[in-house]
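Residue numbers (this note's numbering): 11 to 276. Where is the CB? At the ideal position from N, CA and C, for every residue including glycine. What you are looking at is a predicted structure, and each value in this text was computed from that prediction instead of being measured. Working notes, structure below.
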């Protein structure tokens with residue numbers, strides 16, 4: 011087991027009212043080495059909070075957070091994060107942005123590692139471009155290369171393609187999948203898109219809200235590339251959507267979740 015949350019609860023205090031918002035309640039998740047684990051669920055179910063806890067950006071109110079057999083007490087380069095916002099340094103070019111995250115070596119070695127990962131995401135020809143010269147999809151590729159250059163054991167991705175158009179998102183999904191297979195990384199991937207989760211994940215975990223908790227998990231053993239219109243995938247989508255509707259009825263909303271059946275979004 012690479013990382014885990016055990017009976018974790020998270021309460022955010024409101025100093026103005028003196029009351030607390032329970033974001034997570036008694037959540038337990040095990041992340042095995044080599045997993046591509048996708049977290050889905052309605053807005054407010056605690057997906058991003060779960061990711062922030064694994065990253066060490068937040069501390070649990072109750073429960074235990076572990077990584078490589080040790081408690082998570084704060085951020086670590088062993089756990090790299092790709093955010094939805096591109097978060098590039100605007101005064102640095104593409105190569106400098108990626109090299110900045112390399113943990114060791116002289117300038118030449120750092121730039122060599124940066125070029126390696128820029129090549130992996132198809133941006134080596136744009137090494138000297140500035141962030142304001144790049145499209146949204148290219149900026150996110152730089153962010154992915156920068157995180158990979160840290161050589162993390164665990165890659166945490168918080169809706170990394172949520173602001174991109176459908177065509178770019180699908181292309182980057184395939185690139186991340188190829189990098190995951192080629193690099194042997196472990197990924198925890200937050201998304202609002204059920205089809206994206208089913209196309210990528212080895213495991214899909216559905217969370218429900220008010221407060222955030224684990225509702226159901228699917229282990230997916232279909233090979234890649236996966237056909238979204240195959241009978242197996244359509245049946246799996248329907249099962250996930252049904253489970254989502256059940257938990258959403260209990261919570262009153264399924265806001266923020268995109269579902270696709272037979273290629274049509276609802």
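Integer-rounded CB distance, given that residue j should sit under 8 Å from residue i
i, j, result
"residue 108", "residue 127", "6 Å"
"residue 167", "residue 197", "6 Å"
"residue 194", "residue 90", "With a Cβ gap of about 14 Å, residue 194 and residue 90 do not count as contacting."
"residue 205", "residue 247", "7 Å"
"residue 63", "residue 18", "7 Å"
Contacting residues, own chain, Cβ-Cβ under 7 Å from residue i (five flanking each side not counted)
i, result
"residue 57", "49, 51, 200, 217"
"residue 266", "Since pLDDT at residue 266 reaches only 43, below the 50 mark, its modelled position is unreliable, and the value read off the structure follows with that caveat. So the qualifying residues of the chain are 52, 53, 202."
Helix, strand or coil at residue i [DSSP, three-state]
i, result
"residue 277", "No answer is possible for residue 277: the residues shown for the chain start at 11 and end at 276."
"residue 257", "helix"
"residue 43", "coil"
"residue 7", "Given that the chain is displayed from residue 11 to residue 276, the structure contains no residue 7 and the question cannot be resolved."
"residue 22", "strand"
"residue 146", "helix"
"residue 168", "strand"
"residue 205", "helix"
Outcome for residue i when other beta-carbon atoms lying within 10 angstroms are tallied against a minimum of 16
i, result
"residue 10", "Nothing about residue 10 can be read from this structure; the chain reaches only from 11 to 276."
"residue 61", "buried"
"residue 223", "buried"
"residue 96", "buried"
Straight-line Cα distance separating residue j from residue i
i, j, result
"residue 46", "residue 215", "11 Å"
"residue 106", "residue 29", "44 Å"
"residue 38", "residue 70", "12 Å"
"residue 153", "residue 93", "8 Å"
"residue 118", "residue 159", "14 Å"
"residue 233", "residue 212", "10 Å"
"residue 239", "residue 208", "12 Å"
"residue 86", "residue 67", "10 Å"
"residue 228", "residue 249", "10 Å"
Residues near residue i in its chain [Cβ-Cβ closer than 8 Å; skip 5 each side]
i, result
"residue 78", "12, 13, 88, 163"
Proximity test, Cβ basis, 8 Å: residue i and chain B
i, result
"residue 149", "Protein chains in the displayed structure number just one, and chain B is not present."
Close-in-space but distant-in-sequence residues of the same chain around residue i (CB under 6 Å, 5 per side omitted)
i, result
"residue 40", "11, 14"
"residue 157", "90, 92"
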